[in-house]
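Data first, discussion second: the structure below is written as structure tokens.
2 protein chains.
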Amino acid sequence: MENIGFNKPYLTGRETYYIHDAVSAGKLSGNGKYTKKCHEWFRNTYDFGKCLLTTSCTDALEMAAILLNIEPGDEVILPSYTFVSTANAFILRGAKLVFADSREDHPGMDESKIEDCITTKTKAIIPVHYAGVACDMELIMSIAEKYNLYVVEDAAQAIDSYYTFKDGRKRALGSIGHLAAFSFHETKNIISGEGGMLVINDPQFESRAEIIWEKGTNRSAFFRGEINKYGWVDIGSSFLPSELIAAFLWAQIEKIELIQERRKYIWEEYNSELHNWAGNLNIGLPQIPGFATNNAHMFYLLCEDIDQRNRIITFLKEQNISAVFHYLSLHKSDFYRLKHDGRNLRQTDRYSDILLRLPMFFELEPEKVINRIKQFGLL
Amino acid sequence: MENIGFNKPYLTGRETYYIHDAVSAGKLSGNGKYTKKCHEWFRNTYDFGKCLLTTSCTDALEMAAILLNIEPGDEVILPSYTFVSTANAFILRGAKLVFADSREDHPGMDESKIEDCITTKTKAIIPVHYAGVACDMELIMSIAEKYNLYVVEDAAQAIDSYYTFKDGRKRALGSIGHLAAFSFHETKNIISGEGGMLVINDPQFESRAEIIWEKGTNRSAFFRGEINKYGWVDIGSSFLPSELIAAFLWAQIEKIELIQERRKYIWEEYNSELHNWAGNLNIGLPQIPGFATNNAHMFYLLCEDIDQRNRIITFLKEQNISAVFHYLSLHKSDFYRLKHDGRNLRQTDRYSDILLRLPMFFELEPEKVINRIKQFGLL
């Protein structure tokens, strides 16, 4: 039986062409032609603030933590059901993590639990748009305003996804928080192998972001002719990716409509074709809240319990299909278990146990997975 | 008159071929086939300890600072005549910088000044092999041993360069300190656009380095089958570069002998042809200490004073040649000026004023620069 992996990076066909062009131009380090093309496209397409490509989403989150001047003792509120990078970026600056539980209907952070996590030391809220599905950004931004906090959207999975405000305004995810971080890791909708982007929507952070990105120097201002020599003015790192990475990403950007159309088709096939099967087995399918759109980053099942999930994983493995669970709760990790404030995170633990991701990639033929998975429960 | 830039990245011709191969294999994120090929080659060729490619030399230095558990209040000793990343990596962990002056005969750190910088809070010494020329590693390692300190070689410019011990043993730079960091930025001898590598020579750091590299998770051990699930066990970041970067670097590695031969030829041409001209104008040429080799990373002039340097830069500009000065002293930077301990760093300031780098790249025809530069002083 044909082997179906969990992910297969999709190539538009122009990646090596643009890389070759960048190589020929002899500019391979960061912030060249393709980096600038990507910045401009993202900004114009999604109405983002200043955009800065980074070597990873992790690095974009680290830039955010530096920009917010996170210091030892500061607290940040984030979901426990997330990738380690959401947490590490703030831990590296000495922050204490306060985990909010996930929603009952969705693995994203339960917005109603946020206020209970706020103390006088809270500095920022980090909503993670799980599976590319929006958190309730209007509510989160109003809480942030009330308590004078910053919001960093962890939009790693959320490219080309939207949030609708109560007044009907529709905004791209990543354009709402003070800062936002995206990933272009090979598992994402558009990719560059490893890669990410920081979006700076609050203009107060714009010039410092550029400095931190350029290793703490005012090099960018120097090359714009604003100052006559550049030097060390702040902390920073080498956050900017090679032009090779930006050139690859540019080829992906060109085909984002095609990519999104295909992924949404696959997602809808899963959703409609598995509906009855799932219902019979007490398996839940993804819920998209009314204020969110679906960018078809991920399709998952919510199994009855961990045993059922294990049985489905094993069954699919026998059918040569790779389906995988997702995050282990960060508050139960070896690293943070003893530092966690003891808060009960029932939904987080539930998703850790029952969520199962099905294969999702451009070239997937969903009927092959659907036909095989439907055999589960019949035997 | 033909324009001669300061640097032009050299392409061996196989870069896009290997990138295409990596792309076709469908593995674009980090730690794939080409990453492993690079690791193995460096380890075998230079007798390095464990090697881990990183997105930049900056990131390799940051990994080193994390591995050494640098904490607020800890002190590190480094030259002031260096790139900001040597300093930033440790500043990000809260370290206090103690700057040692440069040697009189070379911009590298003056080893005789190190002991005077040591206090009970000193944790590490960071020798920078300026221009790829070794610091006196035997002396530095003996000081480190005496005071129980760690040594991190900043070998950003020092690939394929060696140090000879008093007993005649010759070791590659980067293989001697407990840790070492390399750069493959497009200005270096072998390149990947942006890129770097951490070398772990002290085995006590090996397993933790792998965890920090993989975002604080024990994912590598999981994929080797040593544990049956992986999770968050430590701080970390996304330090590993895309396979695109590793594939590019592999094409460079294949031609390193050719590259080094050509660069050394250019360097020797400069050195012999400019000897008399420089002597007449009281300009110094690079000195290579007896314990060091020359990897031809850089050719520089030591001008009489800053005015002469400015006049030569202007003269060469009129001849369409780009020659550039190098570091501004970090202890005089806007960021660190007020934090510097006040130590007099006379040689550092001297090199900041008088050092001038001449164009140096594979495809350079050195006689073109030599012929034009020799006109300076005749007019």
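For the record, the sequence lines run as chains L and X. With numbering that gives the first Met the number 0, you'll find the first sequence wraps up at 378, consecutive numbering, no jumps. With numbering that gives the first Met the number 0, you'll find the second sequence wraps up at 378, consecutive numbering, no jumps. The beta-carbon is built from N, C-alpha and C at its ideal position, and this holds for glycine as well. The structure displayed is predicted, hence computed values, not measured ones.
Selected residue, minimal CA-CA separation from N343 (chain L), among L:K112, L:K263 and L:F5: L:K112
Spatial distance of P126 (chain L) from M108 (chain L) (CA atoms): Straight across, the Cα-Cα distance linking P126 (chain L) with M108 (chain L) is about 7 Å.
Sub-9 Å separation of G4 (chain X) and A250 (chain X) beta-carbons: Cβ atoms of G4 (chain X) and A250 (chain X): not closer than 9 Å.
Cβ neighbour criterion (16 or more within 10 Å) applied to F222 (chain X): With fewer than 16 Cβ atoms within 10 Å of its Cβ, F222 (chain X) is classed as exposed.
Touch test, the region 68-77 of chain L against the region 219-236 of chain L, Cβ-Cβ under 8 Å, three pairs minimum: no
I189 (chain L) beta carbon less than 9 Å from that of F381 (chain L): Residue 381 (chain L) cannot be examined here, being either before or after the span of chain L that is shown, 0 to 378.
Simplified DSSP assignment, three categories, for F247 (chain X): helix
Burial state of M0 (chain X), where buried means 16 or more other Cβ atoms lie within 10 Å: Exposed, because fewer than 16 other Cβ atoms sit within 10 Å of the Cβ of M0 (chain X).
Closest Cα partner of S191 (chain L) within the set L:Q307, L:K263 and L:S55: L:S55
At least 3 beta-carbon pairs within less than 8 Å: the region 281-298 of chain L vs the region 260-271 of chain L: yes
C-beta neighbour in chain X for D58 (chain L), strict 9 Å: yes
Any chain L beta carbon closer than 9 Å to N343 (chain X): no
Chain L contacts from the region 229-254 of chain X (Cβ-Cβ distance under 8 Å): Sequence-ordered contacts of the region 229-254 of chain X with chain L read G230, W231, V232, D233, I234, G235, S236, S237, L239, P240, S241, E242, L243, I244 and F247 [C-beta pairs closer than 8 Å].
Cβ pair count under 8 Å reaching 3, the region 83-102 of chain X against the region 207-223 of chain L: Touching, yes.
Contact with chain L by E14 (chain X), beta-carbon distance below 9 Å: yes
The region 46-65 of chain X contacting the region 195-207 of chain X, beta-carbon criterion three pairs below 8 Å: yes
Chain L contact residues for P106 (chain X), given Cβ-Cβ distances below 9 Å: None at all; the shortest Cβ gap to chain L is about 17 Å.
Endpoints, the beta strand (DSSP E) within which T53 (chain L) is located: It spans K49 to T53 - the beta strand (DSSP E) in which T53 (chain L) sits, taken as one unbroken run.
Cβ-Cβ distance between I244 (chain X) and L178 (chain L) below 9 Å: no
Those runs of the alpha helix (DSSP H) which lie wholly inside the region 262-346 of chain L and span at least 4 residues: Taking only runs of at least 4 residues, the alpha helix (DSSP H) segments lying wholly in the region 262-346 of chain L are 274-279 and 305-317.
8 Å CB neighbourhood of A208 (chain L) in its chain, flanking five on each side removed: K49, L51, M62, L66, L197 and I199, listed in sequence order.
Among X:K95, X:F181 and X:I211, nearest to I158 (chain X) - alpha-carbon criterion: X:F181
Separation of P78 (chain X) from I211 (chain L), as counted between CA atoms: 22 Å
Simplified DSSP assignment, three categories, for D153 (chain X): strand
Neighbour-count burial assignment, R92 (chain L), 16 or more Cβ in a 10 Å radius: It is buried - the Cβ of R92 (chain L) has at least 16 other Cβ atoms within 10 Å.
Whether L284 (chain X) touches I311 (chain X) by CB criterion (9 Å): Contact flag unset, no.
N293 (chain X) to S160 (chain X) span [Cα, whole Å]: 6 Å
From X:E362, X:T347 and X:S321, residue whose alpha carbon lies closest to that of N2 (chain X): X:S321
Sequence-distant residues of the same chain with beta carbon closer than 7 Å to K373 (chain X), five excluded per side: W276
Minimum Cβ-Cβ distance from H184 (chain L) to chain X less than 9 Å: yes
Buried or exposed by the 16-neighbour rule on C-beta atoms within 10 Å, applied to R345 (chain L): exposed
Ordered list of beta strand (DSSP E) runs contained in the region 48-90 of chain L, each at least 3 residues: 49-53 and 74-78
Closer than 9 Å to chain L by CB, A86 (chain X): Yes, contact with chain L.
Where the alpha helix (DSSP H) through M136 (chain L) begins and ends: M136 to Y146
V198 (chain X), enclosing beta strand (DSSP E) - first and last residue: G195 to I199
Cβ of P71 (chain X) within 9 Å of any chain L Cβ: yes
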